[in-house]
Amino acid sequence: MVERHLGGRGAARARPAYYVSRSQQGRSKATYVKQEELAAVRQQCAAYRAFQQNLKSWRQLTAALEQAWKQLQRSQSG
Numbered sequence: 050m051v052e053r054h055l056g057g058r059g060a061a062r063a064r065p066a067y068y069v070s071r072s073q074q075g076r077s078k079a080t081y082v083k084q085e086e087l088a089a090v091r092q093q094c095a096a097y098r099a100f101q102q103n104l105k106s107w108r109q110l111t112a113a114l115e116q117a118w119k120q121l122q123r124s125q126s127g
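Each residue of the sequence shown is one higher than the one before, starting from 50 at the first, in the working numbering.
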């Protein structure tokens, strides 16, 4: 979520404008968020961040389990 305070011709806005920034096909894209959608978009962004953190943890656990499994197989075969 990006908050911008600039209006046209470099003048300050009365209220900030909000944009969601994302990467799409290797390029950065920004999409304007309407004021009435701001709370829902913030909630969705927080949920996405939590999902990404949980996915990272899951990948770490999977790698540790795979390593433990390989070590167990080596100890039983030799």
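All C-beta atoms, glycine included, are put in the ideal place defined by N, C-alpha and C.
Is Gln73 helix, strand or coil when you go by DSSP? In the structure shown, Gln73 sits in a strand (DSSP, three-state: E or B).
Using a Cβ-Cβ cut-off of 8 Å, state whether Val51 counts as contacting chain C. Absent here is chain C; the protein component of the structure consists of one chain.
Tell me the rounded alpha-carbon separation between Ala51 and Tyr67. A small correction: the amino acid at residue 51 is Val; Ala does not occupy that position in the sequence shown. The C-alpha of Val51 lies about 6 Å from the C-alpha of Tyr67.
I need the DSSP call for Ala63, collapsed to helix, strand or coil. If DSSP states are grouped into helix, strand and coil, Ala63 belongs with the strands.
Per-residue DSSP class, three states only, for Lys83: Here Lys83 sits in coil by DSSP.
Find the nearest neighbour of Ala63 within the set Arg53, Ser70, Ser72, Val69, judged by alpha-carbon distance. For Ala63, the nearest C-alpha among the options comes from Arg53.
Let me check understanding here. Comparing Cα to Cα, which of Gly56, Gly127, Tyr81, Gly75 lies closest to Val69? Answer by Cα proximity: Tyr81.
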